[in-house]
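Under the numbering used here, the letters of the sequence shown match residues 888 to 1177, in that order. Ideal Cβ positions, reconstructed from N, Cα and C, are used throughout, including at glycine. Nothing here was measured: the structure is a model prediction, and the numbers come from that model. In what follows, a structure is listed as structure tokens, so that the remarks can point back to it.
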Amino acid sequence: MATLAGKTLFITGASRGIGLAIALRAARDGANIAIAAKTETPHPRLEGTIYTAAEAIEKAGGKALPLVCDIRFEEQVEAAVAKAAAAFGGIDACVNNASAISLTPAVATDMKRYDLMHSINARGTFLVSKTCIPHLKRAANPHILMLSPPLDMDAKWFAPHVAYSMAKFNMSIIALGLAGELKADGIAVNTLWPRTTIATAAIRNLLGGDALMRRSRKPEIMGDAAHAILTQDARAFTGRFCIDDTLLYEQGVRDFEQYRVDPSVELAPDFFVPASIPPPPGVSLAAGRR
């Protein structure tokens, strides 16, 4: 079985949610995790800090380096990447998980919120990737992974919240470009996106509260899917836009009920999943066992 033992992952937004799930799955292999995130003191509405994440990673079997880093600022990113490379002797994977969201139509979109989404989702992703590339070029099986959707230019994904959609799809455009640019260097660049909503703080606090949390899958499905990508041969597996359950099905996973928060309710589909990528055979979003 492929492993991330001894590999170093630089993960943005890894103090909670999907980023932490990716970190914990890698930690079970014995990976080194650089936790690049902003939260260093407890937040009243958000669980976890870079330090609680580090404790969980160490408990899971990995090595952790908590780094206070706001990816909007070049000097902070450069310092964090340098510290990670120095602490662990290099960087094997860059995971761009940090993201900002605001689901507002154009007229209702405050420009400060617009700037925040684009400075994190687009500019921050580009900056972190760019800064990690020199280290990745020295790695044995280097990967860049974006937590962003397949490129599907259907108006229905843009019309309700064009500012957010622009920012999120920009992450995938960066992946498309870097996959081509870095192919000769043997650096894989891929994206990963969930078919359903994932039970994170964004779902609870911004989108649908406890009701939508129950209709979501656990972050662990994204942790397992990211692990499957990051253990692929970087020269062979690149330029792909992956959906979590489809990818895991291809890797032999058949039990997707394990990822449901509440198996008795129907799963909520996420944005941006093209109709051309249906659920795997035998996998349903309908309510399951009670």
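*asked:* According to DSSP, is L1134 part of a helix, a strand, or is it coil?
replied: Position 247 of the sequence shown holds residue 1134. DSSP places L1134 in helix when its eight states are reduced to three.
*In the DSSP assignment, what are the bridge partners of C1129?*
In the sequence shown, the residue the question calls residue 1129 occupies position 242. L1079, per the DSSP bridge assignment.
*Identify the continuous beta strand (DSSP E) that holds N1092 and give its terminal residues.*
Within the sequence shown, residue 1092 is the residue found at index 205, counting from 1. Note, N1092: premise wrong, no beta strand (DSSP E); not H, not E.
*asked:* Is the beta carbon of A1174 closer than 8 Å to that of V1140?
replied: Sequence index remark: in the sequence shown, residue 1140 carries index 253 (1-based). Sequence index remark: in the sequence shown, residue 1174 carries index 287 (1-based). It is not a contact, given that the beta carbons lie outside the stated cut-off.
*Are the stretch 1077-1093 and the stretch 1054-1064 touching by the rule of at least three beta carbon pairs closer than 8 Å?*
Contact holds: three or more Cβ-Cβ distances are below 8 Å.
*asked:* Please tell me whether D1111 and R903 are closer than 8 Å, where the distance is taken between their beta carbons.
replied: The sequence position of residue 1111 within the sequence shown is 224, counting from 1. The sequence position of residue 903 within the sequence shown is 16, counting from 1. In this structure, D1111 lies away from R903, with their beta-carbon atoms at least 8 Å apart.
_Three or more C-beta pairs below 8 Å linking the stretch 1100-1114 and the stretch 1126-1146_ = With the cut-off at 8 Å, the stretch 1100-1114 and the stretch 1126-1146 touch.
_Report the start-end ranges of each beta strand (DSSP E) in the stretch 1099-1125 that is 3 residues or longer and not cut off at the edges._
List check, beta strand (DSSP E) in window: nothing returned.
*asked:* Here's the rule I'm using: 16 or more other beta-carbon atoms within 10 Å means buried, otherwise exposed. How should R1177 be labelled?
replied: On the sequence shown, residue 1177 is found 290 positions in, with the first residue counted as 1. Interpretation of R1177 is limited by its pLDDT of 48, a score under 50 that renders its predicted location unreliable; the figure taken from the coordinates is listed afterwards. By the neighbour-count rule (16 or more Cβ atoms within 10 Å), R1177 is not buried but exposed.
_Test item: CB-CB of I920 and A892 under 8 Å_ = In the sequence shown, the residue the question calls residue 920 occupies position 33. In the sequence shown, the residue the question calls residue 892 occupies position 5. For I920 and A892, no; Cβs fall outside 8 Å.
_Proximity to P1029 [Cα-Cα], best of A993, C981, F1056_ = For the purposes of this step, residue 1029 is identified with residue 142 of the sequence shown, where counting begins at 1. Proximity to P1029 across A993, C981, F1056 peaks at C981, based on C-alpha coordinates.
*State the beta-bridge partners of E1167 as determined by DSSP.*
In the sequence shown, counting from the first residue as 1, residue 1167 sits at position 280. First, the residue type needs correcting, since residue 1167 is Pro and not Glu in the sequence shown. Residue pairing of P1167 in beta bridges, as defined by DSSP: absent, with no partner found.
*Near A1089, what residues of its chain come up, given a Cβ to Cβ distance below 8 Å and the 5 sequence neighbours on each side ignored?*
What you label residue 1089 is simply residue 202 of the sequence shown in a count that begins at 1. Here the set comprises G904, I988.
*asked:* In the DSSP output, which residue or residues are listed as bridge partners for A923?
replied: Taking the first residue of the sequence shown as 1, we reach residue 923 at position 36. A923 has T899, L954 as its beta-bridge partners, per DSSP.
*Name the two residues that bound the continuous beta strand (DSSP E) containing V968.*
Here residue 968 corresponds to residue number 81 of the sequence shown, with the count starting at 1. First-last for V968: 961-975, but that is the alpha helix (DSSP H), not the beta strand (DSSP E).
_Same chain, Cβ closer than 6 Å to Q963, five either side skipped, listed in chain order_ = As a first step, residue 963 must be located in the sequence shown, where it is residue number 76. Take Q963, set aside five residues on each side of it, and the residues of its chain with a beta-carbon closer than 6 Å to its own are C956, D957, in chain order.
_What does the alpha-carbon distance come out to for the pair A1043 and A1009?_
Residue 1043 sits at position 156 when you count from the first residue of the sequence shown. Residue 1009 sits at position 122 when you count from the first residue of the sequence shown. Here residue 1043 is Lys; the residue named in the question, Ala, does not match the sequence. Between K1043 and A1009, the C-alpha separation is close to 21 Å.
*Going by the CB atoms, is the gap between F1056 and P1036 shorter than 8 Å?*
Position 149 of the sequence shown, counted from the start, is the residue given in the question as residue 1036. Position 169 of the sequence shown, counted from the start, is the residue given in the question as residue 1056. Going by C-beta atoms, P1036 is nearer than 8 Å to F1056.
*For K1024, collect the residues of the same chain with a Cβ closer than 8 Å to its Cβ; drop the 5 residues on either side in sequence, then sort them by chain order.*
Mapped onto the sequence shown, residue 1024 falls at position 137. Within the same chain, K1024 has close Cβ partners D1072, I1074.
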